[in-house]
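Going by the numbering used here, the sequence shown opens with residue 9, and the numbers climb by one from there. What follows is one structure encoded as C-alpha cells, with my remarks underneath.
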Amino acid sequence: MIQTALSAIEKDLSLFYDHESYIDYCLELAQDKLFSYKTISSIKKHEADINIYENIDFLEEPRNISILDENCLTNSDYVRAYKCILEGRLFSEHAAAGEATRLGLGAKYLINIARELPVEKIAEIMIRERGSRVFLDEVLKKAGCHPEKLLPLSLGTRHMLQFSFDIYKLAKTYGYNPKEVLLRQKMLVVLNEATIDKIIMEFMINNFFGFKRENVLFMAQKAYRGINPVNGRFIYDKNAPKRLHNHGQMVIQQTMDDQIFRVDMKGRKAYLASWEFGEILKEMDDKISYNIEDLGYLTGSIDYESLAFALKKGEDGCRMIMEVVNNDQENPQKGGMTAFDSLLGKNVMIEAFQLKGLKNHEIKYLNKNFNHYPEPYESWSILKEYGLNMPLSVKNGYIYFQPVQGDINFFVSTEFFRRKVLKPIKAWKSPATTPLAIKNMRMQDRQKGFKEYAEFFLGTRLFYPVVFSV
C-alpha cells in the first residue's frame, strides 16, 4: 500500500510519465517554437537561430574554475572515494546506445576493431571523411600497431571488462574480497532498441563481468519518429525514420515508469517503477555518467581524484561536477562549451549547436565525456519534475528534438573544475580518431593482468567467439 502511494506521488511530479507524454510535449514545443515557419526547409535554414542560447551575447571566458591538483585533496578524501566504491555506494551509468554512423559499423558497443577494421578499411573511411589521400603508414604510425594485433574484444566488452578489472584491483589493494566488492556495485547500462537483446545475452554469457545480475540494470533508449508540419499543425509522422533524441532524452527516460529493467537467469525482463529506481539512487553517494566512446577510460575507468573531489564538493551542496578540458586542435570536435554567462552570473556548459554555427576549432574549452552527480537522487528528482531544454535538429526532412544531458547544470548547483595540466579530450567519434582508438586499446591490452582477466570471463571465446542469434 505504501509503495502504491509512493508511485502515485512520484507520477504526479513527473513531467513525462511515458513515451506518449514525451511525444505530446515535443509536439507542443514544435507548435510553440516553430509556428512562424511553414516548411521543413525554412526550419532547416534557420535552425541555428531557433536553437541559439538565449544569453549568447553575454558569454565570456569561464571564471573561477577549480583546479584539481595534489593540494586540494587530503588522504581522508581519497579514503572516502575508495570506500564509496568498495562499499557499493557509487552508481555508474554506461551510455552505449549510440550508432557508429560515421564509421558505418552499427552499434558502437559491438564494434570489434581487430576483426572488422583492417588498416586498409580505416584508411578508406578516413579518406571519405577528409576528402584527401590517407597513407597506410600514416594510420599505422598514429595507431602504433596493426588492428589485428589487438585482443579481439568489442568496444563494449572492453568497456565493461575495464570497469570490473579496476574494481578488482582496488579491492585487492585494500584487502577486500574482490568478488564481494564486485557484487556490491550497482549500475545502469543504456543500449539501443535494435541490439539490446544481443548485448544482454553477451552479459549473461560473460557472467555479467563479475557484477551481480540483480544489480546490473538495463534500459533501451527509445528512438522516435520525426515531426512534420502539415496544414499548419505539427504531427508525429509515423512514416518518418526513427532516431535517438540525443543523450538528454536518455536521462529523461530514466524518470519514466517501466523503462529500466533487470533480467532473470533466463533473460526475462522485470521492469522497475520510477520510484523504485529513485530508491536505488537514494542509497548512492555519487553517480558517474560514462560514455562508451571515451578512450581514456580504457586504461583507467575510475578516476579516484575526481571522485574524491566530487564527494568533497557534494558535502558543500554541489549536485553536478563537470570537468573542463582543452579541445584537441588537431581533431577539434563539437560538444559542450564552457563559458561564463554574465547575465546569470555563473559558469555554464552549452552544447555546440546552441552557439549559432560556432566552428569546432573555435570551441576552446569542452566538457569531458562523463560527469559526477553527488547525491544523485536530487538531480534525478529535479529532472523528473522539470525536464531539460529542448533544442531541435532537422534530419532527412524531419524534426527531431535533441535534449542534452549536460544541461542539468542549469538546474542544480554545479562545480566546474580542470586539471593542473589541461589535456585534450580523447574520444572515438569519427574515422579520424580511429588510429587513436587503436593506440588506447593496445595500451589496455598491455596492462598487467588484463588479458588473463579477460580470459577468465570469456575463456576460449576471447579467441573463438560464440556465434549466437536473438
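Heads up, the beta-carbon is just placed ideally off N, CA and C, and yes, glycines get one too. This one's a predicted model, so the numbers in the text were calculated from it and none came from an experiment.
Element boundaries [beta strand (DSSP E), containing residue i]
i: Met345; result: 344-349
i: Leu76; result: 74-76
i: Asn299; result: 294-299
i: Phe216; result: First-last for Phe216: undefined, no H or E at that position.
i: Met357; result: 354-359
i: Leu199; result: 194-200
i: Lys277; result: 277-279
i: Ser100; result: 98-103
Identity of the residue in the options nearest residue i by Cα
i: Ser49; options: Thr441, Glu460, Asn236; result: Asn236
i: Phe419; options: Ser389, Asn63, Glu107, Phe425; result: Ser389
i: Gly112; options: Met357, Glu137, Cys92, Lys91; result: Glu137
i: Glu95; options: Gly152, Leu158, Tyr45, Leu178; result: Leu178
i: Ile431; options: Ser297, Leu374, Leu366, Gly183; result: This sequence places Lys at residue 431; Ile is not what is there. Of the listed residues, the one whose Cα sits closest to Lys431 is Leu374.
i: Ala89; options: Tyr244, Lys321, Glu393; result: Lys321
i: Thr307; options: Glu28, Phe465, Gln170; result: Gln170
i: Tyr279; options: Glu301, Tyr305, Ile243, Ala228; result: Ala228
i: Asp32; options: Asn185, Phe242, Gly353; result: Phe242
i: Phe378; options: Gln410, Thr442, Ile416; result: Ile416
i: Arg479; options: Lys150, Gly457, Met292; result: Residue 479 lies beyond the residue range present for the chain, which begins at 9 and ends at 478; the question has no answer from this structure.
i: Ile58; options: Ala435, Asp40, Pro70; result: Asp40
i: Arg123; options: Gln262, Leu303, Leu163; result: Leu163
i: Thr203; options: Met212, Gln262, Val412, Ala105; result: Ala105
i: Glu128; options: Glu146, Tyr117, Lys116; result: Glu146
i: Gly479; options: Gly256, Leu81, Ala281, Leu35; result: A query on residue 479 cannot be resolved here, the shown segment of the chain reaching from 9 to 478 and no further.
i: Ile64; options: Phe348, Leu391, Lys367; result: Phe348
i: Ile268; options: Val189, Glu201, Gly139; result: Glu201
Cα-Cα separation between residue i and residue j, rounded to whole angstroms
i: Val402; j: Arg276; result: 37 angstroms
i: Glu460; j: Asp453; result: 10 angstroms
i: Ile207; j: Arg270; result: 14 angstroms
i: Lys295; j: Ser44; result: 41 angstroms
i: Gly343; j: Ile119; result: 23 angstroms
i: Tyr298; j: Leu42; result: 34 angstroms
i: Pro126; j: Ile133; result: 11 angstroms
i: Pro1; j: Ile130; result: Lying outside 9 to 478, the shown extent of the chain, residue 1 is not represented and no answer is given.
i: Thr289; j: Leu158; result: In the sequence under discussion, the amino acid at residue 289 is Leu, which differs from the Thr named in the question. Each residue's Cα considered, the two are about 37 angstroms apart.
i: Gly234; j: Gly395; result: 20 angstroms
i: Arg172; j: Gly405; result: First, the amino acid is wrong: residue 172 is Ser here, not Arg. So the two alpha carbons sit approximately 43 angstroms from each other.
i: Phe1; j: Lys150; result: No answer is possible for residue 1: it lies beyond the span of the chain, which begins at 9 and ends at 478.
i: Asp266; j: Arg426; result: 38 angstroms
i: Lys19; j: Pro384; result: Residue placement at Lys19 is poorly supported in this model, since its pLDDT is 47, which falls under 50; the coordinates still yield a value, given next. Approximately 19 angstroms between the Cα atoms of the pair.
i: Ala462; j: Glu359; result: 37 angstroms
i: Pro480; j: Leu37; result: The displayed coordinates of the chain run from 9 to 478. Any statement about residue 480 would go beyond what the structure contains.
i: Phe458; j: Lys180; result: 14 angstroms
i: Tyr61; j: Thr263; result: 26 angstroms
i: Asp272; j: Glu284; result: 17 angstroms
Span of the alpha helix (DSSP H), counted from its first residue to its last, around residue i
i: Glu331; result: That residue, Glu331, is in no alpha helix (DSSP H); its beta strand (DSSP E) goes 328-334.
i: Thr263; result: Here Thr263 belongs to no alpha helix (DSSP H), and DSSP marks it neither H nor E.
i: Gln452; result: 442-453
i: Phe285; result: 282-290
i: Met168; result: 163-181
i: Ala462; result: 458-466
i: Met319; result: Correcting the residue type first, residue 319 is Leu in the shown sequence and not Met. First-last of the alpha helix (DSSP H) with Leu319: 312-323.
Per DSSP, cross-strand counterpart(s) of residue i
i: Ala235; result: Looking at the sequence provided, one finds Ile at residue 235 rather than Ala. DSSP output for Ile235 lists Tyr244, Ile407 as bridge partner(s).
i: Ser140; result: DSSP lists no partner for Ser140.
i: Pro384; result: Note: Pro384 sits in no beta bridge, so no partner.
i: Thr422; result: Met328
i: Lys250; result: Arg233
i: Asn379; result: Ser297
i: Arg270; result: Ala278
i: Tyr184; result: Its beta-bridge partners do not exist; DSSP assigns none.
i: Leu374; result: Val333, Met345
i: Ala115; result: Glu107
i: Pro432; result: Asn334
Item checked: Inside the region 21-89 only - beta strand (DSSP E) runs reaching at least 3 residues -> Entirely contained in the region 21-89, the beta strand (DSSP E) runs reaching 3 residues are, in chain order, 74-76.
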